[in-house]
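Asks:
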Amino acid sequence: MKDLTEGSVFNHILKFSMPMLLGSVFQQLYNVVDSVIVGQFLGNSSLAAVGASFPVIFVLISMIMGLTMGMSVVISQYYGAKDMHRVKQAIDTMMIFVITSGLIVGIFGYFFSEKIFIWMNFPQEVVTDAAVYFRILIAGVIFMFGYNGMSSILRGLGDSKTPLYFLMVTTILNILLDLLFVLVFKWGIAGVSIATVISQGVSFLGMIIWLNKKHDFINIKFINLEFDKEIFRKSVKIGFPAGVQQTIVALSAVALTSIVGGFGTETVAGFAVAIRIDSFAMMPAMNISIALTNFVGQNVGAGKIDRIKKGYKAALSISCGISFILGLIFLTLGMPLVSFFTPDPAVQLVGTQFLMTCSMFYIFVSAMFMTNGVLRGAGDATAPMLNTMIALWCVRIPVAIILSQGWKGVSFLGYELHAWEGLGSRGIWWGAPISWVVGFLLAYSRYRGGKWKTKSVVQK
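Residue numbers (our numbering): 107 to 566.
Dropping the structure here:
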């Protein structure tokens with residue numbers, strides 16, 4: 107546990123975020139290993155199935171993870187105010203919530219798995235593999251919720267290193283199980299999802315055992331957890347907008363994947379590969395934003411607004427610097443990176459086009475995430491939700507449809523708009539950078555307005 111209300115602002119942000127940055131590398135590493143093994147040994151339809159499953163899983167877990175984020179903010183603010191009794195109550199409340207929601211989501215997702223992919227209009231060979239992969243993964247989603255809940259608890263207490271250590275163990279275990287189940291046992295796409303569920307389960311249970319031995323005041327025991335309605339209400343007040351925001355992002359990913367699905371299996375597979383690579387640029391910004399959110403939460407609880415502004419500038423400099431470097435790497439090495447996943451030239455071309463389009467704009471992603479991180483940490487979670495809704499559903503999806511599919515010729519008020527065939531799948535990719543720019547401008551205008559300073563859970 108670490109007090110973020112005293113000491114060097116830049117060092118706090120850097121030291122707190124670095125373990126999460128390393129954790130994001132390991133997180134993406136085991137996602138990459140999944141995709142490499144699937145792409146190299148199981149073929150394009152299985153690779154497309156993994157890519158198609160991710161946004162669906164994201165939809166089912168997004169609201170829960172957003173509410174968990176709200177609970178983390180509450181924990182960090184109580185910890186900043188040194189109210190340890192309320193910290194313990196918030197931790198118990200979070201654990202009851204993630205376990206219950208994990209069971210509900212797992213049951214729902216298991217029984218509707220195949221229908222979801224049929225509705226998304228994927229080719230039949232993709233639907234078959236995706237349903238198998240998704241059904242197993244969602245059945246064990248309680249472990250995913252549990253691990254992320256435990257990580258949120260620790261980050262709210264200022265500890266970002268312990269989740270990293272467990273993630274490293276989980277990643278190595280997942281890779282070994284992938285190789286065992288796919289190459290030795292020949293379980294196919296099912297083996298990949300089974301390996302993920304087992305790895306996440308080991309991580310979740312291991313963190314509970316470690317926490318109970320390390321911190322006496324936490325003492326997580328499933329038989330005597332106490333649910334506090336008032337803390338849950340405060341958590342929902344912050345977390346619900348964050349959950350809605352996550353759901354908006356997830357639904358837009360489903361819509362985007364459906365648009366991609368209309369261009370065939372190779373395009374879906376290329377998109378799946380590009381997203382895996384692109385995630386290495388997204389995750390640093392997301393994790394530094396989480397660090398900033400917890401930093402802001404503690405300092406709001408302590409009533410130190412000036413430190414928040416300094417923390418925002420420090421997080422911007424770190425995140426934008428990393429994004430600039432990664433953008434240059436993906437811009438120059440896009441094709442070799444994509445070819446590592448698949449030998450198919452058509453799939454390689456699609457993935458490379460995606461990276462060439464998006465990598466030039468990663469700085470705007472970082473700036474958007476950092477600004478929303480300040481708002482969310484202060485308790486002003488509605489603004490990021492609305493910003494995200496506008497950027498995705500009013501900008502990214504319409505732009506992707508128009509640029510990829512074109513338009514028919516129309517005449518309006520004496521002006522004639524000639525038909526245009528569109529850019530094909532390349533047009534889909536341009537929706538992302540345009541929406542990032544809009545999202546940042548909306549978030550920054552809210553930050554400059556200053557209303558976020560009045561949204562604290564803890565009254566000083």
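Each residue gets a CB set at the ideal place from its N, CA and C atoms; glycine is no exception. If you're wondering where the values come from, they're calculated on a predicted model, not measured in any experiment.
When the Cα of R502 is compared with those of D486, W535, D322, which residue comes out closest?
Replies: For R502, the nearest C-alpha among the options comes from W535.
Asks: Mapping the DSSP letters down to three states, classify W293 as helix, strand or coil.
Replies: In the structure shown, W293 sits in coil (DSSP, three-state: anything other than H, G, I, E or B).
Asks: Could you check the C-alpha separation between A555 and L443 for me, to the nearest Å?
Replies: Here residue 555 turns out to be Gly, not Ala, going by the sequence shown. Going from the Cα of G555 to the Cα of L443 covers about 42 Å.
Asks: Pull up the distance between the alpha-carbon of N393 and that of E112, whole angstroms please.
Replies: Between N393 and E112, the C-alpha separation is close to 21 Å.
Asks: Return the residue from the list I540, W542, I507 that minimises the CA-CA distance to N526.
Replies: It is Trp, not Asn, that sits at residue 526 in the sequence shown. Measuring from the Cα of W526, the nearest candidate turns out to be I507.
Asks: Would S168 and A348 qualify as a contact pair, given that the criterion is a beta-carbon distance under 7 Å?
Replies: No. Outside cutoff.
Asks: Give a yes or no on contact between the segment 427–442 and the segment 197–216, applying the rule of three or more CB pairs nearer than 8 Å.
Replies: No: the two stretches stay apart, fewer than three of their Cβ pairs being nearer than 8 Å.
Asks: Provide the residue span of the alpha helix (DSSP H) that contains W513, from first to last.
Replies: Note, W513: premise wrong, no alpha helix (DSSP H); not H, not E.
Asks: Just to confirm, is the Cβ distance from P539 to C464 under 7 Å?
Replies: In this structure, C464 lies closer than 7 Å to P539 by Cβ.
Asks: Output needed for Y185: all residues of its chain with C-beta closer than 6 Å, excluding positions within five of it in sequence on either side, in chain order.
Replies: Hits under 6 Å: V193, L263.
Asks: By Cβ distance below 6 Å, which residues in the same chain neighbour F132 in space, the five residues on each side in sequence not counted?
Replies: Same-chain partners within the cutoff: L273, M274, T277.
Asks: Ignoring anything shorter than 4 residues or poking outside the segment 236–293, list the alpha helix (DSSP H) runs there in chain order.
Replies: Those alpha helix (DSSP H) runs which fall completely within the segment 236–293 and span 4+ residues are 247–262, 267–285.
Asks: What does a CB cutoff of less than 6 Å around A487 pick up in its chain, not counting 5 residues either side in sequence?
Replies: Cβ within range, chain order: I344, P347, A348.
Asks: Of the choices L439, R552, G307, G545, whose alpha-carbon is the least far from that of V471?
Replies: The shortest Cα separation from V471 among L439, R552, G307, G545 belongs to G545.
Asks: Give me the Cα-Cα distance between K410 and S182, rounded to the nearest whole angstrom.
Replies: Roughly 14 Å separates the two Cα atoms.
Asks: To the nearest angstrom, how far is it from the Cα of K106 to the Cα of V374?
Replies: Outside the displayed span of the chain (107 to 566) sits residue 106, for which this structure offers no information.
Asks: Would you say the segment 451–464 touches the segment 316–333, given that touching needs at least three Cβ pairs under 8 Å?
Replies: As far as the Cβ criterion goes, the segment 451–464 does not touch the segment 316–333, which means the pair count is below three.
Asks: Near S541, what residues of its chain come up, given a Cβ to Cβ distance below 8 Å and the 5 sequence neighbours on each side ignored?
Replies: Cβ within range, chain order: A497, L498, V501, R502, V505.
Asks: If the criterion is Cβ atoms closer than 7 Å, does the pair I414 and N405 meet it?
Replies: Closer than 7 Å, so yes.
Asks: Take G172 as the anchor and find which of S341, F436, T363, L492 has the nearest alpha-carbon.
Replies: The option with the nearest alpha carbon to G172 is S341.
Asks: Which ranges would you report for the alpha helix (DSSP H) in the segment 464–498 if only whole runs of at least 4 residues count?
Replies: Counting only runs of 4 or more, we get 468–483, 488–495.
Asks: Can you name the residues that DSSP bridges to W526?
Replies: Per DSSP, W513.
Asks: Less than 8 Å between the CB atoms is what I'm expecting for T174 and G255, so what's the real figure, rounded?
Replies: About 5 Å; that satisfies the 8 Å criterion.
Asks: Would you mind sorting P269 into buried or exposed? The rule is 16 or more other CB atoms within 10 Å of its CB.
Replies: That one is buried.
Asks: Look at the alpha carbon of F251 and the alpha carbon of A420, and state the distance between them as a whole number of angstroms.
Replies: Cα to Cα, the separation comes out at about 30 Å.
Asks: Our contact map puts G294 next to V288 with C-beta atoms below 8 Å; I'd like the distance itself, whole angstroms only.
Replies: Indeed they touch by this definition, with Cβ atoms about 7 Å apart.
Asks: Are A155 and V232 close, meaning C-beta to C-beta below 7 Å?
Replies: Their beta carbons are under 7 Å apart, which means A155 touches V232 by this criterion.
Asks: Cβ of M250 less than 7 Å from any chain B Cβ?
Replies: Although the question refers to chain B, the structure presented lacks it and comprises just one protein chain.
Asks: Go ahead and pull the three-state DSSP assignment for M226.
Replies: The answer is coil: DSSP assigns M226 none of H, G, I, E or B.
Asks: Closest to W316 by CA distance: which of E336, G367, L260, F147 is it?
Replies: Out of E336, G367, L260, F147, L260 has the C-alpha closest to the C-alpha of W316.
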